[in-house]
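K.L.:
Under my numbering, the first residue of the sequence shown carries the number 455, and numbering increases by one thereafter.
Backbone N, C-alpha and C define an ideal beta-carbon position, used for all residues, glycine too.
Here you go, one structure.
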Amino acid sequence: MYAEHPPSPGQCLDTGHAAVVACTEPHDAEVINVGKLTATSMPDETTASTMTMPVCRDHMTDYLGGPDADSTNLVAMPLWPNDEEWRQGQRWLLCTVAEVGMDEKPLTRTGSLEGALRGGDQLRFQTCSVSSPSRDARLQRGRCDAPHLGEALPGVIRLGDSAGPMPSSDAVTKLAQQRCPVILRRYLGGQTQEVLPAWRVPNAESWSRGYTNIVCYAEAIRPVSVRLRNLGPLKLPS
């Protein structure tokens, strides 16, 4: 277990067996920071997430080498003791990063994610959505090489810190309306009426957990099975 053999940042985990494994071997999480919980009693899931997610997301940004994780399938995944471990006095906190699939569950993968968003390779982990980024309340991830409507764009817009007040809805919308069309044109290399700017914004609950970014999207008027990057002024591929 993790208390007996504490992992270090850069090591990878098989969380199903609570085991440290080589990152060259199949794993579903990668440790980015190790800390301790300060709660006096075992927190419930919601409280623990609010306590741990903001700090783990900050460490994730540093570990990945860039601020754009929210436009990818890479997510912070805090791990802490279960009820029995808590009763034994364990208070460890592992901040990890995972790549999630269409069901939002961590994928089994090989290789390290350290520096994954440093440089030009971040589209390898880009979020594509089969749902409409502008219309659907819940974002449903999909493959970028299969029919999808939305593509999350590099260049997330930071709104502040979760410890501070959340901006008003009007202020957030105004900022998204100003910035997302510009980010979209840069992604497309031009402008077309068949791909429109869209965005996803935090609510009060997600803000408290450290989700403090606007994520801009390219939204096609119909599903496409290829990435829209560098489409320019052209029509959507058939």
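1. Excluding the five sequence neighbours on either side, which residues of its own chain have a C-beta within less than 8 Å of the C-beta of Val488, listed in chain order?
2. Roughly how many angstroms separate the alpha carbons of Ser525 and Trp540, rounded to a whole number?
3. What's the gap between the Cα of Leu593 and the Cα of Val475?
4. Which whole-angstrom value is the C-beta distance of Ala530 and Arg511, which I expect to be below 8 Å?
5. The alpha helix (DSSP H) that contains His602, what's its start and end?
6. Below 7 Å between beta carbons: does that hold for Leu571 and Leu613?
7. To test your reading of the DSSP string, which unbroken beta strand (DSSP E) runs of 3 or more residues are found completely within the region 620 to 648?
8. Let's see if you can read the secondary structure: which residues bound the alpha helix (DSSP H) around Val509?
9. Quick one, which of Arg654, Trp653 and Leu638 has its alpha-carbon nearest Gln647's?
10. Can you find the residues in the same chain that come closer than 7 Å, C-beta to C-beta, to Leu607, ignoring five residues on each side of it along the sequence?
11. For the putative contact between Thr581 and Asn527, defined by C-beta atoms under 8 Å, what is the C-beta separation to the nearest angstrom?
12. Is there contact between the region 502 to 511 and the region 653 to 668, where contact requires at least three CB pairs shorter than 8 Å?
13. With distances taken Cα to Cα, identify the nearest neighbour of Ile486 among Gly618, Leu467, Thr564 and Ala472.
14. Classify Arg595: buried if its beta carbon has 16 or more other beta carbons within 10 angstroms, exposed otherwise.
15. With a cut-off of 8 Å on the beta carbons, I'd call Ser495 and Pro601 a contact; round off their distance for me.
16. Using DSSP bridges, identify the partner residues of Ile611.
17. If I follow the unbroken alpha helix (DSSP H) through Ala530, where does it start and stop?
P.N.:
Result, derived from the coordinates:
1. Pro460, Pro461, Ser462, Pro463, Trp546, Leu547, Leu548 and Cys549
2. 34 Å
3. Approximately 32 Å between the Cα atoms of the pair.
4. 5 Å
5. That residue, His602, is in no alpha helix (DSSP H); its beta strand (DSSP E) goes His602 to Ala606.
6. no
7. Runs of the beta strand (DSSP E) lying entirely within the region 620 to 648 and spanning at least 3 residues: none are present.
8. Glu499 to Leu518
9. Leu638
10. Answer for Leu607: Ser525, Ile637, Leu638, Tyr641, Cys670, Tyr671 and Ala672, listed in chain order.
11. 6 Å
12. yes
13. Leu467
14. Buried, by the Cβ-count rule.
15. About 48 Å; that fails the 8 Å criterion.
16. Ile668
17. Per DSSP, Ala530 belongs to no alpha helix (DSSP H); it is in the beta strand (DSSP E), Leu528 to Leu533.
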